[in-house]
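Undergrad:
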Amino acid sequence: MAGVTLDKVVKAYNQTVTVHGIDLEIAEGEFIVLVGPSGCGKSTTLRMIAGLETVTGGEIRIDGKRVNDLQPGERDIAMVFQNYALYPHLSVAENIVFGLKLRKVPKSDIAERLKRTAEVLGLDELLDRKPRQLSGGQRQRVAMGRALIRNPSVFLFDEPLSNLDAKLRVQMRTEIKALHARIPTTTVYVTHDQVEAMTLADRVVVMNKGAIEQIAPPEELYLKPATRFVAGFIGSPGMNFFPSSIEDSGEALSLRLSDGQSLVVPAHRVDLFRKLAGKPALLGIRPEHFALDQGPVAIDITAGLVEPLGMETLVHFDLGNDPTVARLLPQSSIRSGAKLRLSVDMNRVHLLDPETDLVLV
Ligand SMILES: Nc1ncnc2c1ncn2[C@@H]1O[C@H](COP(=O)(O)OP(=O)(O)O)[C@@H](O)[C@H]1O
Ligand SMILES: [Mg+2]
């Protein structure tokens, strides 16, 4: 095992910079997930760690050693891709040991490692099959076996589950997490799926436009997002934002919304919010912090699109001009057009700086 360090790492293709000097310190045995929208530079970053892309600036260290100029084969890493081309004419066993044979690992050693890898991945019964005789999930497991058997210092995954259907993706996600618990190899895992990121990671790295927005454990990312981008990206659906102003009547502090309604700040948060009084602010409310019950602070809305999902009901509405979504307990009675009074959990709302997009509270 080894830690991985990215020190002001830059990637430019011709004159276009796609990774803007990122810093990341990955501890030995840690499971790190890079998450962000398509095109934000996740794969480029991973491929630089792997040695499949050159590094334009900065330094990458594995186990404290600079690897910028090392070939992929010299880095003691193993990578699993979304398109894990298995050799169709080779059996599962032959596919898994292919790399070891190339490296001229002794036969008895190969047999022993194959046995262990197949056990860990539940492939023991399938070793003689050809890839076409496997399900999608089994094929993905073979691709992981190919990486696992090499016992690398660092695992790199690039959207390994994107080709699988939703149910299988959840199952494989659980398997990858269980595997890391048993064999805690340092892992860098790339996905655009925030749920995958949150469930797998020790720490999540949220990327946007080639830069890191925030690095934090999953719970912290949800509870204390650093920027508007992170607040909107993490959570499903993400946070709603409203232009608002803080009004201090002397007796009470409240947040006035663009449609004229206002929300009273609870006593224990008044000091925190008062510092921002008189300035424009962006109010952030997560969909799950609206509720149909009659809490002390509430707004009146007209339901737009209603999406009953069984375990919850999403209700879309406009607050002023801002499209908003509330995530409510399932209520079969809510219809589009209904007038609703939604309480807001004022202990959980955030305030952002509309100019810098930083979360202030
Ligand atoms: N070989 C390349 N030449 C030029 N631009 C590239 C190349 N590979 C990737 N890019 C650009 O770099 C950016 C980041 O791409 P990528 O790392 O693949 O994003 P992600 O994996 O987050 O979807 C994109 O804008 C992409 O178009
Ligand atoms: Mg990618």
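Under the numbering used here, the very last position in the sequence shown is 379; numbers go up by exactly one each time. Just so it is clear, CB atoms sit at the ideal spot from N, CA and C, and this is done for glycine as well. All of these numbers come straight from a predicted model, not from anything done at the bench.
How many Å lie between Met19 and Lys26 at the Cα?
TA: What you label residue 19 is simply residue 1 of the sequence shown in a count that begins at 1. What you label residue 26 is simply residue 8 of the sequence shown in a count that begins at 1. Cα-Cα distance, rounded: 23 Å.
Undergrad: Output needed for Leu273: all residues of its chain with C-beta closer than 7 Å, excluding positions within five of it in sequence on either side, in chain order.
TA: The residue labelled residue 273 in the question sits at position 255 within the sequence shown. Hits under 7 Å: Ser262, Ile264, Ser280, Leu281, Val283, Leu301.
Undergrad: Does the contact criterion of 3 or more C-beta pairs under 8 Å hold for the stretch 82 to 89 versus the stretch 48 to 62?
TA: Taking 8 Å as the limit for Cβ pairs, the verdict is that the stretch 48 to 62 does not touch the stretch 82 to 89.
Undergrad: Within the present structure, is the beta-carbon of Ser262 separated from the nearest heavy atom of ligand 1 by less than 7 Å?
TA: In the sequence shown, residue 262 corresponds to position 244, counting from 1. For ligand 1, not one heavy atom lies less than 7 Å from the Cβ of Ser262.
Undergrad: Just to confirm the assignment, what range does the alpha helix (DSSP H) spanning Thr63 have?
TA: The residue labelled residue 63 in the question sits at position 45 within the sequence shown. First-last of the alpha helix (DSSP H) with Thr63: 60 to 68.
Undergrad: Decide if Pro341 is buried, meaning its Cβ has at least 16 other Cβ atoms within 10 Å, or exposed.
TA: Counting from 1 along the sequence shown, the entry for residue 341 is found at position 323. Exposed: under 16 other Cβ atoms inside 10 Å.
Undergrad: Could you pull out every residue in the same chain whose Cβ sits closer than 6 Å to the Cβ of Arg164, ignoring the five residues on either side in sequence?
TA: One-based indexing of the sequence shown puts residue 164 at position 146. Closer than 6 Å at the Cβ level, and outside the excluded window around Arg164, lie Ile114.
Undergrad: I think Leu369 touches Val223, with their Cβ atoms under 8 Å apart; what is that distance to the nearest whole Å?
TA: Residue numbering aside, residue 369 sits at position 351 when the sequence shown is read from its first letter. Residue numbering aside, residue 223 sits at position 205 when the sequence shown is read from its first letter. The pair is not a contact, with the Cβ atoms about 25 Å apart (cut-off 8 Å).
Undergrad: Which whole-angstrom value is the C-beta distance of Lys133 and Ser109, which I expect to be below 8 Å?
TA: Position 115 of the sequence shown, counted from the first residue, corresponds to residue 133. Position 91 of the sequence shown, counted from the first residue, corresponds to residue 109. Not really, about 15 Å apart at Cβ, beyond 8 Å.
Undergrad: Does DSSP put Gln189 in a helix, a strand or coil?
TA: Residue 189 sits at position 171 when you count from the first residue of the sequence shown. In this structure, Gln189 counts as helix in the three-state DSSP scheme.
Undergrad: Inspect the beta-carbon positions of Pro235 and Asp220 and report whether they are closer than 8 Å.
TA: Taking the first residue of the sequence shown as 1, we reach residue 235 at position 217. Taking the first residue of the sequence shown as 1, we reach residue 220 at position 202. Yes, the Cβ-Cβ distance between Pro235 and Asp220 is below 8 Å.
Undergrad: Does the distance from the C-beta atom of Phe335 to that of Gly322 stay below 8 Å?
TA: If you number the sequence shown from 1, residue 335 lands on position 317. If you number the sequence shown from 1, residue 322 lands on position 304. Yes, Cβ-Cβ distance for Phe335 and Gly322 is below 8 Å.
Undergrad: Using 7 Å as the cut-off, classify the Cβ of Ser180 as near or not near the heavy atoms of ligand 1, replying yes or no.
TA: Residue mapping note: residue 180 aligns to position 162 of the sequence shown, counting from 1. Flag unset: Cβ of Ser180 not near ligand 1.
Undergrad: Give me the residue from Met364, Leu347, Ile319 with the minimum Cα distance to Ser354.
TA: On the sequence shown, position 336 is the one that residue 354 refers to. Closest option to Ser354, Cα to Cα, is Ile319.
Undergrad: By a C-beta neighbour count over all protein chains shown, 10 Å radius and 16 as the cutoff for buried, is Met97 buried or exposed?
TA: For the purposes of this step, residue 97 is taken as residue 79 along the sequence shown, with counting starting at 1. Buried.
Undergrad: Going by the CB atoms, is the gap between Thr204 and Gly328 shorter than 8 Å?
TA: The sequence position of residue 328 within the sequence shown is 310, counting from 1. The sequence position of residue 204 within the sequence shown is 186, counting from 1. No, Cβ-Cβ distance for Gly328 and Thr204 is not below 8 Å.
Undergrad: Leaving out five residues on either side along the sequence, give the residues of the same chain with a beta carbon under 6 Å from the beta carbon of Gly76.
TA: Translated into the one-based positions of the sequence shown, residue 76 becomes position 58. The answer, listed in chain order, is Asp25, Lys26, Val27, Val28.
Undergrad: Counting only the same chain and skipping the five closest in sequence on each side, list residues whose C-beta sits under 8 Å from that of Thr374.
TA: By 1-based counting over the sequence shown, the position of residue 374 is 356. Closer than 8 Å at the Cβ level, and outside the excluded window around Thr374, lies no residue.
Undergrad: DSSP state of Gln158, grouped into three classes?
TA: Here residue 158 refers to the residue found at position 140 when the sequence shown is read from its first residue. Residue state, collapsed to three classes: helix.
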